[in-house]
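Numbering (mature numbering (1 follows the signal peptide of the UniProt record, and there is no 0)), first residue to last: -21 to -1, 1 to 418.
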């Protein structure tokens, strides 16, 4: 399964928020903003001549309009001789045709696919040559990039990110006399609030909270599902069972299971207004509100994504988009200029206004986040930065199929069928190793 983070929710978030107070680690207003790039004189100007770069978007959801606004127009204004063309083909098709892309846009979760195709250039030297200041980026993003390169290589430059959040329906809290939640909750606290708000009233069934699925819970806790050393599924450790046990408690709240169904639609929150709390990506919330057309039909607000009690301050898993340079491209110098342009304060500010969260820790840029729209106007949006993204566990090419198994039949077998958690995980591990993971 393709990770539906940046590829869907963030890409669709073209309507976003009002002015946002930045996190405390951002650039202070009374200090000059430090640019993400400080090009040495010898590297500041492009002298590579005319270049036409083929750009492939694997799954960052960059629309044609965004491509023109954030990629084409800024680079054309500075270097008219550099032309960018966005491909509509797949990576496999381009490679088979002998026309590999010069630049690839991909989510961090799918970088492994591009690495398997032997495309990414290690940009360590480029970063040094052009003075790219990685310390000005969100450090969870930088650390994940270093991890993806086994601490040896930097396979691309991040150019925007997503952030976990939780929306809550104030009307439901008021209806049942429950105090509004704090800006930050751990899962134990969230469970207790969820119990109070899962009930039936006047013939209407209310759900307190819809927790993340098991796959996302593992990501947030940093638990891998494939043993990197053996290449086989690994689902039967104490940590796997611990996370599953926590999730089961949410499903087992009396009234949560309805008609033998443990999986609820987001419409319960955004359209039907009978779910009290819902955690997901901050951009996904906007997509759902826009689709439902209900942002002004009830009282709601936003808060930080819940964290684990033993991992305080760590929210939803880190998620971001990367611009990858093809190491075989004859236009690599031009591609570097595109990357530098993407990280410029001008382009990062434009993206921020449009609802694409900047990878830069810059208060001025984050303050205008989503200001092209009023979806979050008057909401406590700054609260989402009370936690930081959780590091991801080691990933493998087998993860999508195993994750599909986890969020499908395995969770259902426990919540609906009554199977013991350890038995369910053992069955899933056996099935994955027989049908998915090749010895």
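Ideal placement from N, C-alpha and C gives every residue a C-beta, glycine not left out. Note that the structure is a prediction, hence the values are computed from the model and not measured.
Problem set entry | Cβ separation of residue 255 and residue 384, assumed to be a contact under 8 Å, to the nearest whole Å | Contact annotation, residue 255 with residue 384: C-beta distance approximately 30 Å; criterion of less than 8 Å not satisfied.
Exercise. For residue 131, which residues does DSSP report across the bridge?
Worked result: Looking at the DSSP assignment, residue 131 forms no beta bridge with any residue, so it has no partner.
Problem set entry | Cβ pair count under 8 Å reaching 3, the region 359 to 374 against the region 273 to 293 | yes
Problem set entry | Other residues of its chain near residue 337: CB distance less than 7 Å, five sequence neighbours each side excluded | 139, 327, 330, 331, 344, 345
Exercise. Taking the alpha-carbon positions, what's the residue 18 to residue 25 distance?
Worked result: At residue 18 the pLDDT is 48, less than 50, meaning the model places this residue with poor confidence and gives no usable figure here.
For this session: Please list, in chain order, all residues of the same chain as residue 333 whose beta carbon is under 6 Å from its beta carbon, the five residues on each side excluded.
Result: 351
Problem set entry | Straight-line Cα distance separating residue 314 from residue 320 | 10 Å
For this session: Determine the burial state of residue 382: buried for a count of at least 16 other Cβ atoms within 10 Å of its Cβ, exposed for fewer.
Result: It is buried - the Cβ of residue 382 has at least 16 other Cβ atoms within 10 Å.
Problem set entry | C-beta contact flag for residue 170 and residue 229 at 9 Å | yes
For this session: Since I believe residue 166 is in contact with residue 287 (beta carbons under 8 Å), could you give me their beta-carbon distance rounded to a whole number of angstroms?
Result: 6 Å
Problem set entry | 7 Å Cβ shell around residue 119 - same chain, five flanking residues per side excluded | 297, 367, 368, 370
Exercise. Of all Cβ atoms in chain D, is any one closer than 9 Å to the Cβ of residue 157?
Worked result: No chain D is part of this structure, which consists of one protein chain only.
Exercise. Can you list, in chain order, the residues of its chain whose CB lies under 6 Å from that of residue 270, leaving out five sequence neighbours each side?
Worked result: Taking C-beta separations shorter than 6 Å and ignoring five residues to either side along the sequence, residue 270 has no partners in its chain.
Exercise. Excluding five sequence neighbours on each side, which residues of the same chain lie with their C-beta closer than 8 Å to the C-beta of residue 239?
Worked result: 395
For this session: Give the C-beta separation of residue 264 and residue 144 to the nearest angstrom, bearing in mind that I take them to be a contact with Cβ-Cβ under 8 Å.
Result: 6 Å
Exercise. Does the distance from the CB of residue 234 to the CB of residue 194 come in under 9 Å?
Worked result: no
Problem set entry | Proximity of residue 149 and residue 46 at Cβ, strictly below 9 Å | no
Problem set entry | Cβ-Cβ separation, residue 362 to residue 231 (assumed contact under 8 Å), whole Å | Actually they are not in contact, since the Cβ atoms of residue 231 and residue 362 sit about 29 Å apart, beyond 8 Å.
Exercise. Which class does residue 315 belong to by DSSP, given the choice of helix, strand or coil?
Worked result: helix
Problem set entry | Neighbour-count burial assignment, residue 311, 16 or more Cβ in a 10 Å radius | buried
For this session: Please name the residue or residues paired with residue 197 in a DSSP beta bridge.
Result: DSSP, once it has assigned bridges, lists no residue as partnering residue 197.
Exercise. In terms of alpha-carbon separation, which member of 398, 412, 252, 376 lies closest to residue 91?
Worked result: The residue with the shortest Cα to Cα distance from residue 91 is 376.
Exercise. What separation, rounded to the nearest whole angstrom, lies between the Cα atoms of residue 133 and residue 322?
Worked result: 16 Å
Exercise. Shortest alpha-carbon distance to residue 54 belongs to which of 412, 386, 279, 325?
Worked result: From the listed residues 412, 386, 279, 325, the smallest Cα separation to residue 54 is found for 325.
Problem set entry | Range of the contiguous beta strand (DSSP E) that encloses residue 143 | 143 to 148
For this session: Could you pull the start and end residues of the beta strand (DSSP E) that residue 299 belongs to?
Result: 299 to 304
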